[in-house]
Every structure is written in structure tokens, then in C-alpha cells.
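Here this note's numbering is used: the first residue of the sequence shown is 39, the next is one more, and so on.
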Amino acid sequence: MSGLTDWVHGNSSQGFSGARPAGDRIFAHAIGRHMVVWSAGDFSSLKSPVAASAFPSQVHDGMIPEQGDAVIEPPPFCLSWPMAFLLLFADAGVISVLFTKGAAWASALPAQSDQAVSIEELRSRLLAIGNQDVPFSVQTRTDRDQIEVEWRYVDARWIDFMRAHSMRRVHRLVLRLDETSNRVYVSEYQSTVDASAGVDGARLRGVRGVFKPAPPELMWGTSIPRASPPEPCSTRGVSTSRR
Numbered sequence: 039m040s041g042l043t044d045w046v047h048g049n050s051s052q053g054f055s056g057a058r059p060a061g062d063r064i065f066a067h068a069i070g071r072h073m074v075v076w077s078a079g080d081f082s083s084l085k086s087p088v089a090a091s092a093f094p095s096q097v098h099d100g101m102i103p104e105q106g107d108a109v110i111e112p113p114p115f116c117l118s119w120p121m122a123f124l125l126l127f128a129d130a131g132v133i134s135v136l137f138t139k140g141a142a143w144a145s146a147l148p149a150q151s152d153q154a155v156s157i158e159e160l161r162s163r164l165l166a167i168g169n170q171d172v173p174f175s176v177q178t179r180t181d182r183d184q185i186e187v188e189w190r191y192v193d194a195r196w197i198d199f200m201r202a203h204s205m206r207r208v209h210r211l212v213l214r215l216d217e218t219s220n221r222v223y224v225s226e227y228q229s230t231v232d233a234s235a236g237v238d239g240a241r242l243r244g245v246r247g248v249f250k251p252a253p254p255e256l257m258w259g260t261s262i263p264r265a266s267p268p269e270p271c272s273t274r275g276v277s278t279s280r281r
């Protein structure tokens, strides 16, 4: 009975009446070991179902309040199913955002404030990598400001039935050390060579790809049309000159 009295008012002898969140009116009465509850749109409409029930002698019309009698309205806030799902999705969205942002923040490494090393120190460190047990080679090119890193991840030769085959895959990086700007410019090369020879002829297939930096540049100049004074003009574009 304690849970029922939160919504209705009355007592065990006269019954309980009140309003549900759905907007209808209810009347409840304890009959023996049973709690019988009737509901209708208003209190005046409750008398008919009460009279037609199996307990008309235990409930009389005076126990049912009139339409104008005061009733306890439901609490001002009622969590309906749509509102519950909306709050659930909103809570999941907030948790997802906090989890992703929090994980990124927790796993972030502090920015290093190392000073730029000299070109000789950088060259010696890069060349020292080639002396380790690594699958690629590091060596200085003819121009000492350039270091070549070459990885031959496929280099195979074999002979099958009356035919010889060769396969090579090379990935090469050319690092140009610029001491003036304290930068390293990287040119990337990818090459593929497949060859075979036999009694029925020879086949050769090669593919080479090159990726080079192309920094944007701004150029100013003047144009001199024929039979007219010079006029200033500007040209903005991207230079694709090789470095």
C-alpha cells in the first residue's frame, strides 16, 4: 500500500482514488486478500464498471469521489519510455565523446623540445643505422649532402622447366640534408623488374615510380605587351622543379 499512496489518497476502509500519469482516474479498494483497481477517463465514469464488477456490495457510490473533488496529481516529472530512450542515447553519446577524447589525451606524448643537430651529426646517426641488423642499406651518395636508403625486399632468381626467371623489388629513399633550413627533403623511388628467358623467347617488364616534394611558390613580375607601357602583374602557382 505504501507504493500506491504515492499516487492516490484515501484509506483502507473508503478506498483510494487518484490520477495516473496517462491522465485517467483510478479507484482502488482492498476486498479481502485482493486489491481491486478500476480506471476510467473521469470519476463519474467509474461508477458503471464498479457496479458491473463482482464486488458491488463492498463498494458504494459514496466511496467514489465526484468529478470536482480534489485529487493528487502525479509528480510534475514523469520519465516516459521515449524520454528514457532519449536520455540513454544522450548518455551513450556523452560517454563515447569523453572516452575517445580522454583516451587520446591520456595516450598523447608531450612535445619534445630537442634542438636541431648539425648536419654532420645527423649524417653520422643515419649512417650508423645501416651498421645494425636491418633489412636495408644506408650509404652516402656522391653528393655528401644526400643519403640513400635502399630496401630490396624481393631479389630472387630461379630456373624452372627450360626457363630462367628473375624478380626484383626495390624501395629507395634519397634524403637531402639542408643545413640552411634545418630540414630533410625526401625523394621516394619504387622500382619493379620481372625478367625471364627460355627457348620460347624472353620477357622483360619494369615499373618505376618517383615521388618528389613540390613546394608552392609565389612569383612576381611584369609583362610588356607590344606598343604599350609596362603593366604590373602577378602569377601564383606551384613549382614542380626538382630539388
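Here a beta-carbon is modelled for each residue, glycine too, at the ideal position from N, C-alpha and C.
Between which two residues does the beta strand (DSSP E) holding residue 78 run? 72-78
In three-state terms, what does DSSP make of residue 213? strand
Quick check on DSSP: helix, strand or coil for residue 110? For residue 110, the predicted structure reports a pLDDT of 48, less than 50, and the residue's modelled location is therefore unreliable. The matter cannot be settled from this model.
From the DSSP output, in three-state form, read off residue 91 for me. coil
Considering only DSSP beta bridges, list what residue 226 is partnered with. 211 and 249
Between which two residues does the beta strand (DSSP E) containing residue 198 stretch? 184-198
Does residue 131 pass the burial test, meaning 16 or more other C-beta atoms within 10 Å, or should it be called exposed? exposed
Where does residue 204 fall in DSSP's three states? strand
What three-state label does DSSP hand residue 160 in the structure shown? helix
Using DSSP with H/G/I as helix, E/B as strand and the rest coil, what is residue 174? coil
From the DSSP output, which residues share a beta bridge with residue 242? 233
Roughly how many whole angstroms lie between the Cα atoms of residue 234 and residue 193? 14 Å
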